[in-house]
Each structure stands twice: as structure tokens, then as C-alpha cells.
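Colleague: Take this structure, written in C-alpha cells, and hold onto it; I'll ask about it next.
2 protein chains.
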Amino acid sequence: MIRSGTASLLSIDDVRAAAARLEGVVHRTPVMTSRTLDERVGARVFAKAESFQRSGSFKFRGAYNSVAILDDEERGAGVVAYSSGNHGQALALAASLFGIAATIVMPDDAPSIKRAAVEGYGAKVVTYDRYRENREEIGATLSAEKNAVLIPPFDHRPVMAGQGTATLELLDSSGPIDTLVVPVGGGGLISGSATAAKDAGDVRVIGVEPEAGDDARRSLATGEIVVIETPRTIADGQQTTSVGEETFAVMQERVDEILTVSDDEICDAMVFAFERAKIVLEPSGATGLAAILRGSIPGDRIGVILSGGNVDARRFAELTGLGSAPR
Amino acid sequence: MIRSGTASLLSIDDVRAAAARLEGVVHRTPVMTSRTLDERVGARVFAKAESFQRSGSFKFRGAYNSVAILDDEERGAGVVAYSSGNHGQALALAASLFGIAATIVMPDDAPSIKRAAVEGYGAKVVTYDRYRENREEIGATLSAEKNAVLIPPFDHRPVMAGQGTATLELLDSSGPIDTLVVPVGGGGLISGSATAAKDAGDVRVIGVEPEAGDDARRSLATGEIVVIETPRTIADGQQTTSVGEETFAVMQERVDEILTVSDDEICDAMVFAFERAKIVLEPSGATGLAAILRGSIPGDRIGVILSGGNVDARRFAELTGLGSAPR
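Chains as they are written, first to last, in my numbering: chain G, 1 to 327; chain L, 1001 to 1327.
Below, the structure is given as C-alpha cells:
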């Protein structure tokens, strides 16, 4: 497994180097604006719609960058990830683009649609019993057996650097902003984003967590990584139990504040995005927008990462509580 | 009311002149592509997402063009439309951009969200009883009383010309195509689109209607305008009872074929757009995609107009029959 030292923090040069590797491969996703939204919050909002990114979320950036930095021999042995969600899909796609093998470890009760998506990219799925087996151990064992490279979902410098490239693109389109709003799970997206934003100027960086899983907020407040039980929230992309060591170190330096939003507020933001912007956001993809809609974000020019759109129509209808009468 | 003669057909010059008037005012909406879709249908598909157009549909193009060609005196008296749907919203927005008055005539049982949208653009709403009153008469009376200009929803050359500009943009992005697929209601969109497509080259133009309202198909087949009862279909943007005289004349010359799709096929296309492309389409906006997904469209390079995205989240959930458990 490739692992950078933790002595020095992720740098803007890491993010820029990732951007060069991703050039022509990632979608340069649109930065959307809405007069309705601006009038409602009294600020100009620039929303980077990573829901339109390849594989449906920003995770493709970090996954691709992580595969791109491997040498031919390392790549030849394939890559491994444990993830039932967007990181798994993203790594499966990245591996397919390099023509190498990918094995994704996911719980045996993962939604069949997610398994199908990973297999659709040609990756192999290995399942485990989430109540009796440990996915990290399975991933490590697989990695050791095959000599394959394990790509962690967030606490890995090439992943963090890749995720930061979305903010480079955002700033390039929006021009200067006062505040950047970013969803926080394990901290991969926000550590890369904050690194890009702080380099660009005097930008306040605000992370947003689901109320039920406010470990990052508490970690920053206490100065130590707080570990929680898997939080009960609809924001399945943020059901992490703690931030990582490397991501936390960056967050301590470059993140100004962490806010939380309720599941109800997340649903309202998903509906707002649907009806006003005509775009589909998964719950985690809407947490930053939820904080903005509540009026919690200061600044005249606000950037926000809408991090993903991987939610099926049935779950969207269930979450928003709007569907009842079958046609 | 401004009305061009019907002796000569809508021309490519009309469409180009409209494009010049719309420059910098309309959103140049994205032309989306999807590997999944291409693999499924065995062709390259270029989808012009007019769901992202101002006011949520292509209707803004024709409405704005119709207001733009008026002289100051005509504009000063304001504009009138009878429409409970996208044309009403579009004209309300166009009028507000010119700082003139707009009156939109809609049935008293129109959804409150549509009424709110029109009023949100600053237009006045006049309601009527759809079972006892005639909207054309009300519109004509209002127009005569105030000397305001009535802007018809489709059978009006400036409207047809404006709608055609979406295809100019599509072709500019896609390059040459073999087939263009366009939803048909009253024929405003397809007459403008076909005019632009046939000028560009040897493009087969295929219209798509909901199964229950196949009056355009029958009209082209018989050579005479067929008038039907208001069709029972979820595609509310295509619940017209007949095409117009001017639009029909253009369609006879430049439309090769009309296909129909069922409401179930429309729903499937809405869900496909949601889950794969992460975009919101209203039922009428998805009819072209539905025909493509069914495999009914010939050609290696297919263009399609996704005509609008004005559907609220509740109705989307009801239509797709997917929501049941309230959160």
C-alpha cells in the first residue's frame, strides 16, 4: 500500500498535481447558480454539481488520482477497496479506465443496485457479514494475498488531493468567494477542498455533517479524534465513525467551523434542488445546500460542493415522503 | 396581435433571427451524453436539456422572441396568454425581463404551484371555470380591453422560430446527426426544430406524442388537422387537442414521422433520466427519450430535445409509483 508520510500536511502542490493527472478524464462539472436561491439567502451561491461527475460523485477524483500515481507493476496487481458506496463505484470505474482488476469489499446486505453498479464497471465484488466480520481485515487480507494495492476511502493523501480538484474548478468558475461549504464524512473531500480554498485567498471553510454523526465537529472542538457508533442518518455517504488521522491534521489547520443539519433539512434541500435546479442530489450531496438554505452560512459569495447524486428514484420518493398513490 | 402571413412557411432565417434576439438572454443549455444510454441503444445520443432553460422549459425561447419583436408601443400595453403550463410561466418571465405587464389566463383549478410560479415573475393571473368558460374568448376579451398583445402558445410564427433555436444550439454542439427526436404537442417546438434540422442537412425528424393524444400522427397521416378530446395522459405539456394551422403546414413539409409512447414508457424514461443522468424531466420532457429507450429511433447519431423539467417532487413520486413509506 502506498502511504505518504504524515509529518507534512497535504499541500496545494499535491492538489495541483492531481488536477494535472485528472485533466481530460474527469468531467468538468457545472457550477450552477439560481436567482431563487440567491434571493432567498441574500448572497450569491456557486454550486459545484459533482452529482454530474463520472460514477455519480466527487469520489472519482480521488480514486482515479490514487490509481494514476501507481507504477505499472503496482497497477498490474490490481486495486482493492472496502466500500458499499460511492468510493467503491469510483474505484471500480478508475480501475476499468486503466484496464486493471479491482476488488470491492461490501457487506452482503448492500443494496443490489450498488453491487450492480460496481459489477457494471467490471470489478469483482467480495461480500462479508457486517455483523460478524471486519471489512478492514478482509480488505487487508485480500490485498496481501493478491499483492493488490488497497485504496482507502479518505485517509490517503492521493485521495485527499484528488478530491481537492473540485474546488480548484469551482474557484476558476466562480471567482473569489468568501465562504466554502463542504460535506464532511471521513474528511477526504474537505481536507482537499480546504487546501485549495485557503491557497486561493481569505476563504472561510465550513464543513457540514448530519446531526446524528457530528464526530468531526466534536473532534475539532476537543482537538482529538472522536469515534462514534455508526450514525443513524439518511446521509449514507457520511455514516463514518470517525475522521482519519491525515484528514484531521489538515482540518485542524484549514477548516474554520463544522455545522450540522438534520435529516429533515437534508430532505428539504433535496426537494429544493429537484424542483428549482432540476437536479438530483443524494442525501449527503445536499447537506451543504441544507446549511445554506437554513441561513447558517455567512458571506456575500458562497461556494458549495454538491457532492453526489447516487440515489435511486424509489429511495428519493421514500425519503422525501412525497410518494403515496401508485399510478 | 402580430401575425405573420401563412402563405410562406417558417424559414431558417426566422429561426436565425430569433437566435440573435435570444443571444445572452436564454441559457445555452447543456447537451448531455451518457455511455450507458449509448450502449443500450447502440447509437450516440445527444440530449439537449431544456429542463435547465429559464422558466424550466424551452417555452421561454418562443415567448421571449414574441415579446422582443414587438415595438415599444405594442409592448407598453402588455401581453396576454392563456396557459396553465409552461407557456404561461415563460411569457411571465419574458415580460418581466422587458419590464412590461403580463396577464396569464388559467383555469381556477390549476395547481397552486403553477399559479405561484407565474405570480412569482410578477404577472397577473386571471382564472376561469374550465367547464363553463372558453379561455380563448377570455384571452381575446382581455386583449381587446387592454389593447394587450395575445401571444398564442404555439401557432404563432415568432413562437415557432424561437423554439427552433434549441436545435441550432444542439447541432452546434453535437455536430452532424442522422435523426432528431422532438416531443409534439401543438407543434411549435417541432416546427421550429425541423426547420433548423432540415436546413443543416439530411436529418430525419421524428416527433413523439403520448399514446392517448396521437392527433398529430393522425393529422400527418390523413393530411388534415385532426381534433381530439383533451387526452388523458401524464404528459400535461402535450394535452393539446390539435396542432395549429401554421405548425401543421411546416410539419407536413419537414417532419418525417410521428411515434407514440405510453405513459408507462414515459415514467420509465423519467426514472432513467433521474438515476443515470441525475436530471429531472417532466413527463412531456421525457417522451423523446422514451422513444429512444424503446429502440424505436433509427440512426447512428441521434439528437433529442428534453423539453422541460417542471414537475414537483410529489408528483414525480406519484407518477413513478415509487414512494410509499413516509419517513
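Virtual Cβ for every residue (Gly too), placed ideally from N, Cα, C.
Remember, it's a predicted structure, so these values are computed and weren't measured experimentally.
1. Which value, in whole angstroms, describes the spacing of the CA atoms of Leu289 (chain G) and Val181 (chain G)?
2. What residues of chain G sit near Asp1312 (chain L), judged by a beta carbon separation below 9 Å?
3. Determine whether the Cβ of Ser1051 (chain L) lies closer than 8 Å to any Cβ atom of chain G.
4. List the endpoints of the continuous alpha helix (DSSP H) containing Pro1158 (chain L).
5. Using alpha carbons as the reference points, say which of L:Ala1095, L:Arg1232, L:Asp1202 and L:Gly1139 lies closest to Leu1171 (chain L).
6. Beta-carbon within less than 7 Å of Arg1135 (chain L)'s beta-carbon, same chain only, minus the 5 sequence neighbours each way: which residues are those?
7. Counting only beta-carbon atoms, is Ile279 (chain G) nearer than 8 Å to chain L?
8. Could you check what DSSP says for Thr179 (chain G) in three-state terms: helix, strand or coil?
9. Leaving out five residues on either side along the sequence, give the residues of the same chain with a beta carbon under 6 Å from the beta carbon of Arg1115 (chain L).
10. Measuring only the C-alpha atoms, how far is Arg75 (chain G) from Glu145 (chain G)?
11. For Pro1153 (chain L) and chain G, any beta-carbon pair shorter than 8 Å?
12. Going by DSSP in three states, Ile138 (chain G) sits in which element: helix, strand or coil?
13. List the whole-angstrom C-beta distance separating Ile258 (chain G) from Glu318 (chain G), where the pair is believed to meet the contact cut-off of C-beta under 8 Å.
14. Assuming Pro153 (chain G) and Ser284 (chain G) are in contact, meaning their beta carbons sit under 8 Å apart, how far apart are those beta carbons, in whole angstroms?
15. Taking all protein chains shown into account, do 16 or more other C-beta atoms lie within 10 angstroms of the C-beta of Gly1223 (chain L), making it buried, or fewer, making it exposed?
16. Who are Ser112 (chain G)'s beta bridge partners in DSSP?
17. Roughly how many angstroms separate the alpha carbons of Arg1204 (chain L) and Gln1053 (chain L), rounded to a whole number?
18. Taking only beta-carbon positions, decide if Pro1030 (chain L) is within less than 8 Å of chain G.
19. Taking any Cβ of chain L, which residues in the segment 107-130 of chain G have a Cβ under 8 Å from it, in chain order?
20. Considering only residues of the segment 1082-1106 of chain L, which uninterrupted alpha helix (DSSP H) runs meet the minimum length of 4 residues and lie entirely inside it, listed in chain order?
21. Applying the 10 Å Cβ sphere with the 16-neighbour rule, what's the burial state of Pro1298 (chain L)?
22. The beta strand (DSSP E) spanning Thr260 (chain G) covers which residue range?
23. Provide the residue span of the alpha helix (DSSP H) that contains Ala148 (chain G), from first to last.
24. By the DSSP assignment, the beta strand (DSSP E) with Ile1190 (chain L) in it spans what residues?
25. Between Gly78 (chain G) and chain L, is any beta-carbon pair separated by less than 8 Å?
26. Note down the Cα distance separating Arg1294 (chain L) from Thr1247 (chain L), rounded to an integer number of angstroms.
27. Which term fits Pro1158 (chain L), buried or exposed, when burial requires 16 or more other beta carbons within 10 angstroms of its beta carbon?
28. Does the beta-carbon of Thr1195 (chain L) have 16 or more other beta-carbons within 10 angstroms, so that it is buried, or is it exposed?
29. Can you tell which of L:Ser1057, L:Gly1062, L:Ile1100 and L:Met1251 has the C-alpha that lies nearest to the C-alpha of Gly1085 (chain L)?
Modeller: Once the coordinates are examined:
1. In the first sequence, residue 289 (chain G) corresponds to position 289, counting from 1. In the first sequence, residue 181 (chain G) corresponds to position 181, counting from 1. Taken atom to atom, the span from the alpha-carbon of Leu289 (chain G) to that of Val181 (chain G) is near 8 Å.
2. The sequence position of residue 1312 (chain L) within the second sequence is 312, counting from 1. Under the 9 Å cutoff, chain G gives Val271, Phe274, Glu275 and Leu322.
3. Here residue 1051 (chain L) refers to the residue found at position 51 of the second sequence. So yes, Ser1051 (chain L) belongs to the interface.
4. Within the second sequence, residue 1158 (chain L) is the residue found at index 158, counting from 1. Residues Arg1157 to Ser1174.
5. For the purposes of this step, residue 1171 (chain L) is taken as the residue at position 171 of the second sequence. Closest option to Leu1171 (chain L), Cα to Cα, is L:Asp1202.
6. The residue you call residue 1135 (chain L) lines up with position 135 of the second sequence. Apart from sequence neighbours up to five positions away, the residues of its chain that approach Arg1135 (chain L) with a beta-carbon distance below 7 Å are Tyr1082, Val1105 and Tyr1128, ordered along the chain.
7. Translated into positions along the first sequence, residue 279 (chain G) becomes position 279. Yes - at least one Cβ of chain L is within 8 Å of the one on Ile279 (chain G).
8. Indexing the first sequence from 1 puts residue 179 (chain G) at position 179. Thr179 (chain G) carries a strand assignment under DSSP once its states are collapsed to helix, strand and coil.
9. Position 115 of the second sequence, counted from the start, is the residue given in the question as residue 1115 (chain L). Answer for Arg1115 (chain L): Val1125, listed in chain order.
10. Position 75 of the first sequence holds residue 75 (chain G). Position 145 of the first sequence holds residue 145 (chain G). Cα to Cα, Arg75 (chain G) sits roughly 15 Å from Glu145 (chain G).
11. Looking up residue 1153 (chain L) in the second sequence gives position 153. No, Pro1153 (chain L) does not count as interfacial toward chain G.
12. Within the first sequence, residue 138 (chain G) is the residue found at index 138, counting from 1. Helix at Ile138 (chain G).
13. Translated into the one-based positions of the first sequence, residue 258 (chain G) becomes position 258. Translated into the one-based positions of the first sequence, residue 318 (chain G) becomes position 318. Actually they are not in contact, since the Cβ atoms of Ile258 (chain G) and Glu318 (chain G) sit about 28 Å apart, beyond 8 Å.
14. As a working mapping, residue 153 (chain G) is identified with position 153 in the first sequence. As a working mapping, residue 284 (chain G) is identified with position 284 in the first sequence. Wrong, their Cβ atoms sit about 13 Å apart, outside the cutoff.
15. What you label residue 1223 (chain L) is simply residue 223 of the second sequence in a count that begins at 1. Flag for Gly1223 (chain L) reads exposed.
16. If you number the first sequence from 1, residue 112 (chain G) lands on position 112. Looking at the DSSP output, Ser112 (chain G) shares a beta bridge with no other residue.
17. Indexing the second sequence from 1 puts residue 1204 (chain L) at position 204. Indexing the second sequence from 1 puts residue 1053 (chain L) at position 53. The alpha-carbon separation between Arg1204 (chain L) and Gln1053 (chain L) amounts to approximately 25 Å.
18. Counting from one through the second sequence, the residue named residue 1030 (chain L) turns up at place 30. Residue contact check for Pro1030 (chain L) against chain G: a CB pair falls below 8 Å.
19. Answer in chain order: no residues at all.
20. Here the runs fully enclosed are 1086-1098.
21. On the second sequence, residue 1298 (chain L) is found 298 positions in, with the first residue counted as 1. So Pro1298 (chain L) ends up on the exposed side.
22. Position 260 of the first sequence, counting from 1, holds the residue named residue 260 (chain G). First-last of the beta strand (DSSP E) with Thr260 (chain G): Glu257 to Val261.
23. Position 148 of the first sequence, counted from the first residue, corresponds to residue 148 (chain G). Following the DSSP letters along the chain, one finds Ala148 (chain G) in no alpha helix (DSSP H), marked with neither H nor E.
24. Locating residue 1190 (chain L) in the second sequence gives position 190, where the first residue counts as 1. Bounds of any beta strand (DSSP E) do not take in Ile1190 (chain L); it lies within the alpha helix (DSSP H) bounded by Gly1188 to Ala1200.
25. Position 78 of the first sequence, counting from 1, holds the residue named residue 78 (chain G). Gly78 (chain G) does not count as touching chain L.
26. Counted from its first residue, the second sequence places residue 1294 (chain L) at position 294. Counted from its first residue, the second sequence places residue 1247 (chain L) at position 247. So the two alpha carbons sit approximately 27 Å from each other.
27. Counting from 1 along the second sequence, the entry for residue 1158 (chain L) is found at position 158. Here Pro1158 (chain L) is buried. Its C-beta has 16 or more other C-beta atoms within 10 Å.
28. Along the second sequence, one-based indexing puts residue 1195 (chain L) at 195. By the neighbour-count definition (other C-beta atoms within 10 Å, threshold 16), Thr1195 (chain L) is a buried residue.
29. One-based indexing of the second sequence puts residue 1085 (chain L) at position 85. Nearest option by C-alpha distance: L:Ser1057.
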